[in-house]
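Numbering (UniProt numbering), first residue to last: 1 to 115.
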């Protein structure tokens, strides 16, 4: 439902609801958001027929869903779980969207570099 109000609004609504008061250096937080947000909204006007939402449970390492996950039109990943060759057979490599909780905002640069 939030996606209908616009791309930037979604981000700011999320930040406002999830702890903007925890961002002690607003400029730095905004710069980091700009690092991970594409210049154009990724979900307008695009629509996806098949989406995979992938969590970060260690139980995924007991599976080999990587190819199936990557076969979806869009892959939405939750939190900071690594996405790399080491875990590819378990969770795939594709990531179109990443949901990040408030506490992980401090690690955004590391998330970009390592996963």
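Note that the Cβ used here is the ideal one computed from N, Cα and C, for glycine as well.
Among the options, whose alpha-carbon lies nearest the alpha-carbon of residue i?
i	options	result
residue 91	49, 69 and 50	69
residue 62	96, 83, 98 and 87	87
residue 71	40, 97 and 52	52
residue 81	98, 50 and 40	98
residue 93	59, 54 and 49	54
residue 49	89, 85, 100 and 75	75
What did DSSP end up calling residue i once you bin it into helix, strand or coil?
i	result
residue 60	helix
residue 119	A question about residue 119 goes unanswered here, because the residues of the chain that appear run from 1 up to 115.
residue 91	helix
residue 54	strand
residue 21	With a pLDDT of only 49 at residue 21, under the threshold of 50, the placement of this residue in the model should not be trusted; the figure read from the coordinates follows. The answer is helix: DSSP assigns residue 21 an H, G or I state.
Just confirm the distance between the C-beta atoms of residue i and residue j, as a whole number of angstroms; I'd bet it's less than 8 Å.
i	j	result
residue 73	residue 56	Going by Cβ atoms, the distance from residue 73 to residue 56 rounds to 21 Å, so no, they are not a contact pair.
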